[in-house]
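First residue of the first sequence? That's 0 in numbering that gives the first Met the number 0, and the numbers climb one at a time after it. Heads up, the beta-carbon is just placed ideally off N, CA and C, and yes, glycines get one too.
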Amino acid sequence: MRRAVAPAAGSRIDDVIRPRSRLQPILMSPPLAQFRRGASGRTIQSVGRVGKRVVLALDNAARIVLEPRMTGLVLLADPPNASHLRLVLELSGGSARQILFWDQRGLGVARLVTPEQFDTFYGPQRLGPDALEIPLHDLRQRLRGSRRPIKVALMDQALLVGVGNLYASEILHRALVHPARPCQQLRPEHWRRIHRELRAVLEEAIVHEGSTLSDGTYRVEREGRYQTYHRVYQRAGQVCLQCGRGSIVRIVQAQRSTFFCPCCQRSNGIRD
DNA sequence: CATATGTCCTGAGAGC
DNA sequence: TGCTCTCAGGACATAT
0 MRRAVAPAAG
10 SRIDDVIRPR
20 SRLQPILMSP
30 PLAQFRRGAS
40 GRTIQSVGRV
50 GKRVVLALDN
60 AARIVLEPRM
70 TGLVLLADPP
80 NASHLRLVLE
90 LSGGSARQIL
100 FWDQRGLGVA
110 RLVTPEQFDT
120 FYGPQRLGPD
130 ALEIPLHDLR
140 QRLRGSRRPI
150 KVALMDQALL
160 VGVGNLYASE
170 ILHRALVHPA
180 RPCQQLRPEH
190 WRRIHRELRA
200 VLEEAIVHEG
210 STLSDGTYRV
220 EREGRYQTYH
230 RVYQRAGQVC
240 LQCGRGSIVR
250 IVQAQRSTFF
260 CPCCQRSNGI
270 RD
C-alpha cells in the first residue's frame, strides 16, 4: 500500500476534501477544517510507513498518518467504488493527482500531527519494532515473559508492529506452534521458528500484494494474490495442507478468529 | 503493572 | 422477499 502511494512524494497538497456521502465520516484529527488549513500548501517529502499505517512527511515537519484498519485502502486511483470514498488529498506538481482514503466500514483514521504528537502516538513508547526488522533476541525478549497466548501477543502492536489477525494464524501454523500456548512456555526453538516464519510469511504476502478476502475489498493496484497461499486462514474443516491428516480448526481468541491444525501445532514438545 | 472486554462502522452471507 | 444473527488484515478506552 505504501509503495503504491510512493509516487506522491514531491507533490504539493492543494486541498483536503471529504466527499459527500450518506455514510458516517471517518475520524479525523484535527477536524476537517483545521486539517485542511494545516495540510494545504505543504509538499509531501516522503511516503513512509509505521506498522500498518501510511505516513506522509510534510515539508514543515508535520506528518499525515493514514490508518486504514480493517477495510481501509490508501490509493492514488481506482477505488473499489465511489460511495465509500472517505477522504481525498488533492495534489499538484507531480505525477499523482490525488491520494484517496477509501474505507468500507469507516473504522479508519486520518491524523495530521506535529513531530511531538508523532513521537507520542507512534514512537517506541507506544509501538514496537517492525515485524520485518525485529531481531530474534528482541522478539523473544519482548514476548517471553507474557502469560498471554502467543497468537494474541503477536498481534499486540505495542510489542511489535505489522502482524494482524490473518498473518498471525499463518505464521504460527508454519512455525508449528499452537496459537493458544502461553508465551512463557515457548522454548528457544519455538522462538526461532516463529521469527523465521514471521518474516517469511510477511515478505511473501508483500510480494503477492496481500490477501483479497471474500469481502473483495483489499487491493493495491489490483487484487492481492496471497489468499491462494493461505494454509489455515478461513480453511476450517478442510484438510491440513502440511500434514494431510488433521483438519483445520477455528477457535476464538481475544474476540478474533484463529485457525490452526491440531496435528501440526500440538502444544507438547518440540517438533521439526 | 498485565491482561480482558466492549465499542466504533458497514455489508455480506447464513438460517429461518 | 425480509428479518435476525454472526462475522469481519484493527485499535483504543475502560474495566478487572
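Start and end residues, beta strand (DSSP E) containing residue i
i	result
G71	71-74
V15	11-16
I282	A question about residue 282 goes unanswered here, because the residues of the chain that appear run from 0 up to 271.
L175	L175 -> no beta strand (DSSP E), and no H or E assigned at all.
R1	From DSSP, R1 is part of no beta strand (DSSP E) but of the alpha helix (DSSP H) over 1-4.
I250	248-252
R62	62-66
R255	255-259
L26	26-28
The alpha helix (DSSP H) enclosing residue i, as first and last residue numbers
i	result
R139	135-142
V108	It is not in any alpha helix (DSSP H) - V108 instead sits in the beta strand (DSSP E) that spans 108-112.
V238	Unbroken run through V238: none, as it is neither H nor E.
I149	149-153
Between the CA atoms of residue j and residue i - distance to the nearest angstrom
i	j	result
E115	P30	19 Å
A61	L86	18 Å
T70	A109	14 Å
L135	R191	7 Å
L165	R36	38 Å
V162	G40	35 Å
G245	H189	21 Å
C262	C242	7 Å
I25	F34	13 Å
R186	V53	35 Å
G50	T119	15 Å
S168	S10	39 Å
T42	L57	6 Å
A95	L88	10 Å
S20	G215	21 Å
L55	S45	6 Å
N267	N80	Below a pLDDT of 50, predicted positions are generally treated as unreliable, and N267, at 46, falls in that range; the measurement from the model is reported next regardless. Each residue's alpha carbon lies about 48 Å from the other.
G92	C239	52 Å
D155	Q233	21 Å
V206	P78	21 Å
Where residue i sits in the DSSP three-state scheme
i	result
I43	strand
V160	strand
A38	helix
L84	strand
I170	helix
L55	strand
D129	strand
L22	coil
Beta-carbon spacing of residue i, residue j below 8 Å
i	j	result
R180	P148	yes
A32	I12	no
V112	V4	no
G105	L22	yes
G223	E208	yes
P123	D137	no
L153	I170	yes
I63	A7	no
A204	Y225	yes
F259	H177	yes
V151	Q264	no
G107	F100	yes
R141	L159	yes
R230	Q183	no
I250	G236	no
R1	R48	yes
A130	L65	no
L75	P18	no
Just list the alpha helix (DSSP H) runs in the segment 179-220, keeping only unbroken ones of 4 residues or longer that don't cross its boundaries, in chain order. 187-206
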